[in-house]
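Everything on this sheet refers to the single structure shown next.
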Amino acid sequence: MKTSGSPCPLDQISIISFKRCPYLRTYLTELIQAVCLSGSVPDEWKKACTILIHKKNDANLPENFRPITLQSVPLKVFTSSLRIAMFSYLLANNFIEHEIQKGFTPHISGTFEHTAQMAYIINQARIRQRSLVITLLDLKNAFGEVHHNLIQSVLGYHRIPQHIQLMIKSLYTNFKTSIITSDFNTPFVEVGRGVLQGDCLSPLLFNLCLNTFIQHIKSEKYQQFGFSYKLLNPIHWFQFADDAAVITGQESENQHLLNRFAIWSQWSDMIIRVDKCSTFGIKKALTKSIQYLPKLIINKSIIPAVESGKSFCYLGRYFDYEMTNNEHKSELVSLLTDLMKQIDLKPLHPKNKILLYSRYVLSKLSWHFSITSIQKTWILKTWTQFSNNTFVNGL
Numbered sequence: 001m002k003t004s005g006s007p008c009p010l011d012q013i014s015i016i017s018f019k020r021c022p023y024l025r026t027y028l029t030e031l032i033q034a035v036c037l038s039g040s041v042p043d044e045w046k047k048a049c050t051i052l053i054h055k056k057n058d059a060n061l062p063e064n065f066r067p068i069t070l071q072s073v074p075l076k077v078f079t080s081s082l083r084i085a086m087f088s089y090l091l092a093n094n095f096i097e098h099e100i101q102k103g104f105t106p107h108i109s110g111t112f113e114h115t116a117q118m119a120y121i122i123n124q125a126r127i128r129q130r131s132l133v134i135t136l137l138d139l140k141n142a143f144g145e146v147h148h149n150l151i152q153s154v155l156g157y158h159r160i161p162q163h164i165q166l167m168i169k170s171l172y173t174n175f176k177t178s179i180i181t182s183d184f185n186t187p188f189v190e191v192g193r194g195v196l197q198g199d200c201l202s203p204l205l206f207n208l209c210l211n212t213f214i215q216h217i218k219s220e221k222y223q224q225f226g227f228s229y230k231l232l233n234p235i236h237w238f239q240f241a242d243d244a245a246v247i248t249g250q251e252s253e254n255q256h257l258l259n260r261f262a263i264w265s266q267w268s269d270m271i272i273r274v275d276k277c278s279t280f281g282i283k284k285a286l287t288k289s290i291q292y293l294p295k296l297i298i299n300k301s302i303i304p305a306v307e308s309g310k311s312f313c314y315l316g317r318y319f320d321y322e323m324t325n326n327e328h329k330s331e332l333v334s335l336l337t338d339l340m341k342q343i344d345l346k347p348l349h350p351k352n353k354i355l356l357y358s359r360y361v362l363s364k365l366s367w368h369f370s371i372t373s374i375q376k377t378w379i380l381k382t383w384t385q386f387s388n389n390t391f392v393n394g395l
């Protein structure tokens, strides 16, 4: 666990105390062993505090806030140990899929893998004049909509040992949290639905729920669906936590996979936000490839299509027909302009401003350079312009 993690306001115990005090670590180990033997999680561990982080738009609407739950450190250590043991068990027995699902998987940079593959597929479809349909799916409050009964069913489906199932059931029974602000805090309310926010085990439990669907579409019946290249098996689905992308060569195949996902969402009682979904298409017209508007339906609603010349965003990267990276270039210029203005206004020595640039500004820009293929000539031209305006004139 990271030492930078915030302690729970209820006990104010930091992870640093356990890292620096061998006696506390020994005592906590004995407590965790007792929990494993009894199969019951202490009630004091099942209390947490939730703070609300504003995302964007109107601050008066609750849906524009992201809840972040602060749990006690002993519970985090316990669930972290449980997660490591469960993941090792699932991996050793090949019960969990990690070719399609890249979210929360150790030692895998899923964001870069999925975005790089998607960019390559779009370029191949355009250059080789092949048909391609990509549909992005969005689940409403995905982590918060998971039923606790579904978690128990999924644990049984993956053959998780019974004593671990009992501990997880105990953890999710009568777990309570209090919403806190700078001015007040609410009485404790029971968490009746959703995986526990801020819990080390929650990402794995959510992945296990989605794994029931992923294992279904990996069956032989669906292996030929998707977009194939270099004589490899067709790629038909990308998943990163709750962010899904359906990739096929034909609309009919895409629609069939969407139908299967709709059935699974009904079974799991998850809600698909059709207005947040989108679909993107490329097809051959005479002697060249063009972007077109696929007509796909899910839950009796038409999925919005990406207009010709427009882009869509998946895992933080923008994709369009020509793969121009224009949105990333625009964001880079805007971000760099804003940061340089802020640095210029600081009452600092020029040497310190340059130091601030090298240690802070570059780290803010690195994400765009990591996931895109922006040409070096554009970077040099843009950087020269900023360096002349800032370092020569400003400093």
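In case it helps, full-length UniProt numbering puts the sequence shown at residues 1 to 395. Yeah, the Cβ is synthetic: ideal placement off N, Cα and C, and Gly gets one too. All figures in this text were calculated on a predicted structure; none of them were measured in a lab.
Given 8 angstroms as the limit, tell me if residue i has its C-beta closer than that to any heavy atom belonging to the ligand MG.
i, result
"F18", "Here there are no bound small molecules, and the ligand MG is not part of this structure."
Starting from the Cα of residue i, find the closest Cα among the options and give me that residue.
i, options, result
"W237", "I271, Q101 and F143", "Q101"
"G156", "F95, S265, Q124 and L132", "F95"
"V191", "E145, A262 and P161", "E145"
"A241", "A262, G281, L286 and V195", "V195"
"L10", "C49, V333 and C209", "C49"
"Q239", "E99, I151 and P294", "E99"
"Q385", "Q342, G316, L82 and T337", "T337"
"F312", "S219, M118, L348 and N254", "M118"
"Q215", "D320, H158 and K346", "H158"
"E63", "K140, L355, T177 and Q266", "K140"
"C36", "I122, P7, T79 and N60", "T79"
"K176", "K364, R193 and T212", "R193"
"A125", "D320, W367 and L150", "D320"
"N299", "R317, L332 and W264", "W264"
"V333", "D243, L365, N57 and T111", "L365"
"L315", "A116, I354 and D43", "A116"
"P161", "A85, N123 and K56", "A85"
"N207", "P187, A142 and H163", "A142"
"Y229", "Y120, H328, M167 and N149", "Y120"
"V41", "I302, L362, Q165 and A244", "Q165"
"residue 397", "H163, I151 and F112", "Missing from the structure shown is residue 397; the chain here goes from 1 to 395 and no further."
What are the residues that DSSP puts in a beta bridge with residue i?
i, result
"L137", "A244"
"V189", "T177"
"L52", "P67"
"I127", "Note: I127 sits in no beta bridge, so no partner."
"Y292", "G281"
"R317", "Y314"
"residue 397", "The requested residue 397 does not occur in the structure, where the chain is confined to residues 1 to 395."
"S301", "I298"
"L132", "I282"
"Q101", "Q239"
"F227", "I235"
"I272", "L139"
Is it buried or exposed, residue i, if we count other Cβ atoms within 10 angstroms and call 16 or more buried?
i, result
"W383", "exposed"
"G281", "buried"
"I369", "Inspection of the sequence shows that residue 369 is occupied by Phe rather than by Ile. With fewer than 16 other Cβ atoms within 10 Å, it is exposed."
"E253", "buried"
"K381", "exposed"
"S268", "buried"
"C209", "buried"
"F184", "exposed"
"G249", "buried"
"N60", "exposed"
"Q255", "buried"
"G309", "exposed"
"L258", "buried"
"K45", "According to the sequence provided, residue 45 is Trp. The question's Lys does not apply to it. Classification of W45: buried, given that the 10 Å Cβ count is 16 or more."
"R359", "exposed"
"N211", "buried"
"I302", "exposed"
"P187", "exposed"
"N325", "buried"
Could you check where the alpha helix (DSSP H) with residue i kicks off and where it finishes?
i, result
"S350", "First, the amino acid is wrong: residue 350 is Pro here, not Ser. Looking at the DSSP string, the run of the alpha helix (DSSP H) that includes P350 is P350 to L356."
"residue 396", "There is no way to answer for residue 396, as the model of the chain reaches only from 1 to 395."
"T29", "P22 to S38"
"S268", "E251 to S268"
"T212", "S202 to I217"
"R83", "V73 to A92"
"F369", "L362 to I371"
"N57", "Careful: N57 lies outside any alpha helix (DSSP H) and carries neither H nor E."
"H328", "N326 to L345"
"I168", "Q162 to L171"
Start and end of the beta strand (DSSP E) containing residue i?
i, result
"C313", "F312 to Y314"
message = Measuring CB atoms only, is the segment 214-225 touching the segment 184-200, in the sense that at least three cross pairs come out at less than 8 angstroms?
response = no
key: Touching by the beta-carbon criterion (3+ pairs, under 8 angstroms), the segment 40-55 and the segment 64-76   = yes
query = How do the segment 271-291 and the segment 161-179 stand: do at least 3 beta-carbon pairs fall below 8 angstroms, yes or no?
reply = no
query = Do the segment 339-359 and the segment 370-379 touch if we need at least three Cβ pairs shorter than 8 angstroms?
reply = no
task = Could you tell me whether the segment 126-143 touches the segment 269-278, using the rule of 3 or more Cβ pairs below 8 angstroms?
result = yes
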